[in-house]
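Input: a single structure, listed below in structure tokens.
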Amino acid sequence: MAWARQILRVDLTNGTCTNEPLNMEWAQNYLGQRGLATKYFVEEVDPKVDPLSPNNKMIMVTGPLTGTSASTAGRYSVVTKGALTGAIACSNSGGFFGNEMKNAGYDMIIFEGAAKSPVYLMVGNDSAELHDASEFWGTSVWDTEEGIKAKHGDPQIRVASIGVSGEKGVKFACVVNDMDRAAGRSGVGTVMGSKNLKAVGIRGTKGVAVEDAGAFFEAVAAGKAVLAENAVTGQGLPAFGTQVLMNVINETGALPTRNHRDVQFEGANNISAEAMAEPRESDGKPNLVTNQACFSCTIACGRVSTIDRTHFSVKDRPEYQKASGGLEYEAAWALGAATGVDDLDALTFANFICNEQGIDPISFGATVGAAMELYEEGVLTDADTGGIELKFGNAEALCTLSELTGKGEGFGAEIGLGSKLLCDKHGRPELSMSVKGQEFPAYDSRGIQGMGLTYATSNRGACHLRSYTVASEVLGIPEKTDPLETDGKAGLVMAFQDATAAFDSAGLCIFTSFAWTLDDVAPQLNAACEGDWTTEKLLEVGERIWNLERQFNLAAGFTGKDDNLPPRLLKDAAKTGPADGKTNGLDKMLPEYYEARGWTPDGVPSNETLDRLTL
Amino acid sequence: MQKSLNIDPEKCTGCLQCELACSYDNEGVFNPSKSRIKVFKFEDAGRFVPYTCTQCDDAWCMQACPVDAISVDTATGAKVVSDVLCVGCKVCTIACPFGTVNYNSSTGKVIKCDLCEGEPACVTACPTAAITYVDANWTGLDKMRNWAEKTDAGTQASA
Numbered sequence: 001m002a003w004a005r006q007i008l009r010v011d012l013t014n015g016t017c018t019n020e021p022l023n024m025e026w027a028q029n030y031l032g033q034r035g036l037a038t039k040y041f042v043e044e045v046d047p048k049v050d051p052l053s054p055n056n057k058m059i060m061v062t063g064p065l066t067g068t069s070a071s072t073a074g075r076y077s078v079v080t081k082g083a084l085t086g087a088i089a090c091s092n093s094g095g096f097f098g099n100e101m102k103n104a105g106y107d108m109i110i111f112e113g114a115a116k117s118p119v120y121l122m123v124g125n126d127s128a129e130l131h132d133a134s135e136f137w138g139t140s141v142w143d144t145e146e147g148i149k150a151k152h153g154d155p156q157i158r159v160a161s162i163g164v165s166g167e168k169g170v171k172f173a174c175v176v177n178d179m180d181r182a183a184g185r186s187g188v189g190t191v192m193g194s195k196n197l198k199a200v201g202i203r204g205t206k207g208v209a210v211e212d213a214g215a216f217f218e219a220v221a222a223g224k225a226v227l228a229e230n231a232v233t234g235q236g237l238p239a240f241g242t243q244v245l246m247n248v249i250n251e252t253g254a255l256p257t258r259n260h261r262d263v264q265f266e267g268a269n270n271i272s273a274e275a276m277a278e279p280r281e282s283d284g285k286p287n288l289v290t291n292q293a294c295f296s297c298t299i300a301c302g303r304v305s306t307i308d309r310t311h312f313s314v315k316d317r318p319e320y321q322k323a324s325g326g327l328e329y330e331a332a333w334a335l336g337a338a339t340g341v342d343d344l345d346a347l348t349f350a351n352f353i354c355n356e357q358g359i360d361p362i363s364f365g366a367t368v369g370a371a372m373e374l375y376e377e378g379v380l381t382d383a384d385t386g387g388i389e390l391k392f393g394n395a396e397a398l399c400t401l402s403e404l405t406g407k408g409e410g411f412g413a414e415i416g417l418g419s420k421l422l423c424d425k426h427g428r429p430e431l432s433m434s435v436k437g438q439e440f441p442a443y444d445s446r447g448i449q450g451m452g453l454t455y456a457t458s459n460r461g462a463c464h465l466r467s468y469t470v471a472s473e474v475l476g477i478p479e480k481t482d483p484l485e486t487d488g489k490a491g492l493v494m495a496f497q498d499a500t501a502a503f504d505s506a507g508l509c510i511f512t513s514f515a516w517t518l519d520d521v522a523p524q525l526n527a528a529c530e531g532d533w534t535t536e537k538l539l540e541v542g543e544r545i546w547n548l549e550r551q552f553n554l555a556a557g558f559t560g561k562d563d564n565l566p567p568r569l570l571k572d573a574a575k576t577g578p579a580d581g582k583t584n585g586l587d588k589m590l591p592e593y594y595e596a597r598g599w600t601p602d603g604v605p606s607n608e609t610l611d612r613l614t615l
Numbered sequence: 001m002q003k004s005l006n007i008d009p010e011k012c013t014g015c016l017q018c019e020l021a022c023s024y025d026n027e028g029v030f031n032p033s034k035s036r037i038k039v040f041k042f043e044d045a046g047r048f049v050p051y052t053c054t055q056c057d058d059a060w061c062m063q064a065c066p067v068d069a070i071s072v073d074t075a076t077g078a079k080v081v082s083d084v085l086c087v088g089c090k091v092c093t094i095a096c097p098f099g100t101v102n103y104n105s106s107t108g109k110v111i112k113c114d115l116c117e118g119e120p121a122c123v124t125a126c127p128t129a130a131i132t133y134v135d136a137n138w139t140g141l142d143k144m145r146n147w148a149e150k151t152d153a154g155t156q157a158s159a
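Structure representation (structure tokens):
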């Protein structure tokens with residue numbers, strides 16, 4: 001049990017919905033969610049496919065624990081070939097949508113083909129139907145979600161949808177569920193838009209069963225206790241959210257600032273968790289209204305915020321004066337430090353727009369940062385930007401561009417290319433702070449060396465959620481390593497990558513791994529699911545998933561040469577802070593990593609490795 | 001001592017652990033749609049409010065039931081639906097002013113909170129103590145204590 005044992009296949013070209021049994025042999029080898037959907041994807045899709053072609057597929061998928069009472073067990077992922085990257089994409093989201101899919105009796109929904117005109121899918125218990133979406137096409141995520149609930153007369157429907165950005169082909173469009181939770185990265189929403197699929201609404205009431213209830217409740221209670229007693233998951237994240245990191249990473253000298261020109265941001269404190277809790281002058285209220293949890297989560301790191309009503313971004317716009325999803329660290333960094341903007345209200349506004357129109361705040365903010373550098377260097381002019389003065393630190397420009405990009409209009413359409421295509425187009429490819437086309441998140445790899453290897457080798461392009469060595473290098477979890485040292489980082493990155501792949505395939509949030517190891521996860525899975533789920537098996541599954549993703553990318557045309565970092569991080573030394581004088585030592589770490597992985601010096605998994613992992 | 005559920009929305013994060021525990025206890029599967037307690041999110045205000053039956057003494061549901069299927073559990077004070085007697089007429093769902101008795105179409109019976117025979121599963125599951133099970137005569141004790149402290153601080157400051 002725990003798996004629903006059923007998948008829904010939606011042929012958008014022919015308008016049909018078909019139920020199929022889940023391949024349980026694959027479930028034993030790839031667990032669920034990220035791993036299992038990737039297995040289905042690589043079996044069914046030509047790696048060379050154009051991400052926006054009808055021949056690309058898109059899979060919405062839960063993990064076996066999704067829908068149970070295990071802490072954080074409400075996750076779902078979107079797996080496809082990413083529009084931003086052309087690599088395997090798996091974007092993970094919380095909220096309540098994943099639970100609803102499982103309760104409707106589905107482990108995953110496979111979308112294939114493309115609809116001739118806009119449609120949305122309505123899923124009920126063991127059944128689904130496509131509907132005409134012409135009334136929602138051209139509207140925001142927020143309006144679509146409310147509109148579908150109203151149209152079907154059921155406020156308990158859970159909705160995942162794309163904004164106008166995804167319809168217009170903005171390369172980093174997300175799929176947003178429950179108003180402010182997103183499968184955010186790699187342009188999975190762009191793929192959804194290319195299929196003329198506006199939204200998926202689900203109402204499921206079947207229930208989720210576990211194999212051994214007694215053992216499950218015992219393991220879940222033990223897991224919850226570990227989270228509650230841990231300083232990060234029990235105190236730091238509920239109180240401050242991920243924004244607890246802003247000042248910490250700045251002090252570490254690893255807060256990428258103004259398109260990675262600097263590694264520390266003088267305005268960091270103004271956009272930090274501490275600033276979000278500070279009462280503002282106009283109404284005496286802080287930016288932060290409360291924290292919020294995703295389904296089944298006992299950490300509750302989510303932020304709910306309001307914008308100062310007197311702020312230029314929302315004055316005379318009451319629709320943005322209410323509470324909505326607030327800043328998390330990655331978004332605050334990208335919208336703030338990466339662009340040099342330290343206006344908390346402007347960042348919160350841009351974040352609202354990212355949710356409303358479904359754009360990834362990391363890639364958006366980082367691309368604005370790159371465009372600002374192009375502008376300051378005179379490569380982009382007012383004629384290009386439509387008169388927007390695109391200087392670092394310009395809060396008005398940030399807010400204006402969030403709306404233009406969210407709708408794919410004006411210069412926003414250029415930002416919507418992502419930094420790689422934008423910088424290529426203007427003859428300055430070196431200014432794109434990205435790997436495999438995807439922008440870096442909020443950690444400068446000159447100040448946290450392991451993150452350089454993490455980014456270079458991530459299967460979905462630059463990403464912190466594939467191996468968060470920040471935990472070890474900065475926070476000392478599970479043990480402290482020196483962030484300025486390259487020795488030992490190959491093994492560290494590999495261990496984080498494999499464990500993370502297992503977490504991502506279980507239905508759990510990766511934030512549990514601040515407190516949990518796979519030793520805490522295995523008993524919960526073992527009690528909930530058929531099969532013998534041990535830490536060793538989970539690590540093997542994680543390594544198998546990593547190599548499967550790698551094989552797909554190699555077949556898609558990537559090579560070891562793409563496991564690289566922009567020259568700025570390899571040649572321009574950090575100018576301040578603890579990492580002063582440092583560049584990233586990728587050249588030392590990468591060969592060690594390939595060897596540790598059992599890959600050839602060119603980064604190709606050896607036959608022995610593939611045999612060992614039964615790939 | 002008779003006890004009551006005491007709900008403090010300020011502490012609720014909207015995680016639905018209460019709905020998971022309630023549905024498992026009653027249905028044997030995790031199924032929030034069959035939970036007897038529900039958490040409401042007031043999106044624009046950023047508020048989460050758990051809500052369930054408050055076990056009225058002179059209960060409208062009990063008065064209205066034409067087949068006497070709702071009775072008092074004398075140990076807990078809970079108004080309990082007998083699945084044997086309930087005919088699924090839904091009159092109680094109309095009579096209840098609070099909406100906390102609801103029809104379950106998969107069984108043809110109504111469902112409501114029965115305080116889990118004195119050990120409410122939602123209370124055990126809540127990670128933030130937003131739902132507690134306390135002396136029915138003193139559900140306001142914590143609020144009174146907080147105001148007492150505040151009042152005392154005010155008195156000291158003005159002294």
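The listed protein sequences correspond, in order, to chains A and B. For the first sequence, counting from 1, position 23 maps to 23 in the working numbering; every step adds exactly one. For the second sequence, counting from 1, position 111 maps to 111 in the working numbering; every step adds exactly one. Ideal placement from N, C-alpha and C gives every residue a C-beta, glycine not left out.
CB contact below 7 Å: A:K322 versus chain B:
Within the first sequence, residue 322 of chain A is the residue found at index 322, counting from 1. Closer than 7 Å to some Cβ of chain B, the Cβ of A:K322 qualifies, so yes.
I want to verify the contact list: residues of chain A whose CB lies under 9 Å from the CB of B:D83, in sequence order.
As a working mapping, residue 83 of chain B is identified with position 83 in the second sequence. Chain-ordered listing is empty here: chain A has no CB closer than 9 Å to the CB of B:D83, the nearest sitting near 18 Å.
Start and end residues, beta strand (DSSP E) containing A:I415
For the purposes of this step, residue 415 of chain A is taken as residue 415 along the first sequence, with counting starting at 1. Counting along the chain, A:I415 falls outside any beta strand (DSSP E), though it belongs to the alpha helix (DSSP H) covering F411 to I415.
The beta strand (DSSP E) spanning B:M1 covers which residue range?
Within the second sequence, residue 1 of chain B is the residue found at index 1, counting from 1. Taken as a continuous stretch (DSSP letters only), B:M1 belongs to no beta strand (DSSP E), as it is neither H nor E.
Would you list the residues sitting across from A:I109 in a DSSP beta bridge?
Start at 1 with the first residue of the first sequence, and residue 109 of chain A comes out as number 109. A:L8 and A:M60.
Taking the alpha-carbon positions, what's the A:L31 to A:S505 distance?
Within the first sequence, the letter at position 31 stands for residue 31 of chain A. Within the first sequence, the letter at position 505 stands for residue 505 of chain A. Distance from the CA of A:L31 to the CA of A:S505, rounded to the nearest whole angstrom, comes to 6 Å.
Are the beta-carbon atoms belonging to A:S91 and A:G184 less than 7 Å from one another?
In the first sequence, counting from the first residue as 1, residue 91 of chain A sits at position 91. In the first sequence, counting from the first residue as 1, residue 184 of chain A sits at position 184. Cβ atoms of A:S91 and A:G184: closer than 7 Å.
C-alpha distance - A:G577 paired with A:V289, whole-angstrom precision
Residue 577 of chain A sits at position 577 when you count from the first residue of the first sequence. Residue 289 of chain A sits at position 289 when you count from the first residue of the first sequence. Whole-angstrom Cα-Cα distance: 33 Å.
Which of the three DSSP states, helix, strand or coil, is assigned to A:L227?
Counting from 1 along the first sequence, the entry for residue 227 of chain A is found at position 227. Note: A:L227 maps to helix in three-state DSSP.
To the nearest angstrom, how far is the alpha carbon of B:V87 from that of B:A64?
Working through the second sequence from its first residue, we reach residue 87 of chain B at position 87. Working through the second sequence from its first residue, we reach residue 64 of chain B at position 64. Distance between B:V87 and B:A64, taken at the CA atoms: about 13 Å.
Skipping 5 residues on each side, what residues in its chain have a beta carbon closer than 7 Å to that of A:N125?
As a first step, residue 125 of chain A is located in the first sequence; it is residue number 125 there, counting from the start. Excluding five sequence positions before and after A:N125, the CB atoms of its chain that fall closer than 7 Å to its own CB belong to A104, G105, G204, T205 and K206, given in chain order.
Closer than 9 Å, Cβ to Cβ, to anything on chain B: give me those residues from the stretch 197 to 210 of chain A, in chain order.
Cβ contacts with chain B: R203, G204, T205, K206, G207, V208, A209 and V210.
Host alpha helix (DSSP H) of A:L547 (start-end)
The residue given as residue 547 of chain A occupies position 547 in the first sequence. In the sequence as displayed, the identity of residue 547 of chain A is Asn instead of Leu. Taken as a continuous stretch (DSSP letters only), the alpha helix (DSSP H) holding A:N547 covers T535 to A556.
If you draw a straight line from the C-alpha of A:P523 to the C-alpha of A:G86, how long is it?
Your numbering for residue 523 of chain A matches position 523 in the first sequence. Your numbering for residue 86 of chain A matches position 86 in the first sequence. Near 37 Å, if we compare the C-alpha coordinates of A:G86 and A:P523.
Measuring alpha carbon to alpha carbon, tell me which residue in A:R317, A:T348, A:G153 and A:Q292 is nearest A:A275.
In the first sequence, residue 275 of chain A corresponds to position 275, counting from 1. Its Cα nearest to that of A:A275, the residue A:T348 stands out among A:R317, A:T348, A:G153 and A:Q292.
Does the distance from the CB of B:E19 to the CB of B:S35 come in under 7 Å?
Within the second sequence, residue 19 of chain B is the residue found at index 19, counting from 1. Within the second sequence, residue 35 of chain B is the residue found at index 35, counting from 1. The criterion of a C-beta distance shorter than 7 Å is satisfied by B:E19 and B:S35.
Closest to B:T13 by CA distance: which of B:L5, B:P50 and B:V123 is it?
For the purposes of this step, residue 13 of chain B is identified with residue 13 of the second sequence, where counting begins at 1. The shortest Cα separation from B:T13 among B:L5, B:P50 and B:V123 belongs to B:P50.
For A:Q321, list the residues DSSP reports as bridge partners.
By one-based count along the first sequence, residue 321 of chain A stands at place 321. Its beta-bridge partners do not exist; DSSP assigns none.
Listed by chain order, chain A residues near B:D44 by CB distance under 7 Å:
Here residue 44 of chain B corresponds to residue number 44 of the second sequence, with the count starting at 1. The answer, in chain order, is K322 and A323.
Beta-carbon neighbours of A:G214, restricted to chain B and to distances below 7 Å:
By one-based count along the first sequence, residue 214 of chain A stands at place 214. Within chain B, no residue comes near A:G214; the closest Cβ sits about 12 Å away, beyond 7 Å.
Please confirm whether A:Q235 and A:N250 have their CB atoms less than 7 Å apart.
Numbered from its first residue, the first sequence carries residue 235 of chain A at position 235. Numbered from its first residue, the first sequence carries residue 250 of chain A at position 250. No, Cβ-Cβ distance for A:Q235 and A:N250 is not below 7 Å.
Going by the beta-carbon positions, is the gap between B:K90 and B:Q55 smaller than 7 Å?
Reading the second sequence from its first residue, position 90 is the one you call residue 90 of chain B. Reading the second sequence from its first residue, position 55 is the one you call residue 55 of chain B. No; because the gap between Cβ atoms is not below 7 Å, this pair is not in contact.
Measure from the alpha carbon of A:T616 to the alpha carbon of each residue in A:G418, A:L421 and A:A350, then state which is nearest.
Residue 616 of chain A falls outside the range modelled here, since chain A spans only 1 to 615, and no answer is possible.
So with CB distances below 8 Å, who are the chain A contacts of B:C15?
Translated into positions along the second sequence, residue 15 of chain B becomes position 15. Residues of chain A passing the Cβ test: A293, C294, F295, S296, C297, T298 and A300.
Indicate whether the contact test is met: 3 or more Cβ pairs, each with one atom in the stretch 465 to 478 of chain A and one in the stretch 284 to 302 of chain A, closer than 8 Å.
As far as the Cβ criterion goes, the stretch 465 to 478 of chain A does not touch the stretch 284 to 302 of chain A, which means the pair count is below three.
For a cutoff of 7 Å on Cβ pairs, would you count A:G67 as touching chain B?
Against the first sequence, residue 67 of chain A aligns to sequence position 67. By this cut-off, A:G67 is an interface position.
Please work out which residues of its chain come closer than 6 Å, Cβ to Cβ, to A:A515, disregarding the five sequence neighbours upstream and downstream, and give them in chain order.
Counting from one through the first sequence, the residue named residue 515 of chain A turns up at place 515. When the five nearest sequence neighbours on each side are left out, the beta carbons in the same chain lying within less than 6 Å of the beta carbon of A:A515 are those of V226, L227, N230 and T233, in order along the chain.
For A:V314, collect the residues of the same chain with a Cβ closer than 6 Å to its Cβ; drop the 5 residues on either side in sequence, then sort them by chain order.
Counting from 1 along the first sequence, the entry for residue 314 of chain A is found at position 314. Counting only Cβ-Cβ distances below 6 Å, and skipping sequence neighbours, we find I307, Y320 and Q321.
As assigned by DSSP and simplified to three states, the class of A:T18
What you label residue 18 of chain A is simply residue 18 of the first sequence in a count that begins at 1. Reduced to three states, the DSSP call for A:T18 is strand.
Have a look at A:M372, A:F240 and A:T367 and flag the residue whose alpha-carbon is nearest the alpha-carbon of A:G418.
Indexing the first sequence from 1 puts residue 418 of chain A at position 418. For A:G418, the nearest C-alpha among the options comes from A:T367.
Please list, in chain order, the residues of the stretch 260 to 292 of chain A that have any C-beta partner in chain B closer than 7 Å.
Those residues of the stretch 260 to 292 of chain A that come within reach of chain B (Cβ to Cβ, closer than 7 Å) are V289, T290, N291 and Q292.
In this structure, how does DSSP classify B:T128 when only helix, strand and coil are distinguished?
Residue numbering aside, residue 128 of chain B sits at position 128 when the second sequence is read from its first letter. DSSP places B:T128 in coil when its eight states are reduced to three.
Pull the bridge partners of A:H131 from the DSSP assignment, please.
Within the first sequence, numbered from 1, the residue matching residue 131 of chain A stands at position 131. Paired residue(s): A:Y120.
Residue nearest to A:L548 in terms of C-alpha spacing, selected from A:R597, A:D532, A:N270 and A:M24:
Here residue 548 of chain A refers to the residue found at position 548 when the first sequence is read from its first residue. Cα-wise, what sits closest to A:L548 is A:R597.
Where B:F98 falls: helix, strand or coil (DSSP)
Sequence index remark: in the second sequence, residue 98 of chain B carries index 98 (1-based). If DSSP states are grouped into helix, strand and coil, B:F98 belongs with coil.
Checking contacts by CB at 7 Å: is B:F30 closer than that to chain A?
Taking the first residue of the second sequence as position 1, residue 30 of chain B is located at position 30. Yes, its Cβ sits closer than 7 Å to a Cβ of chain A.
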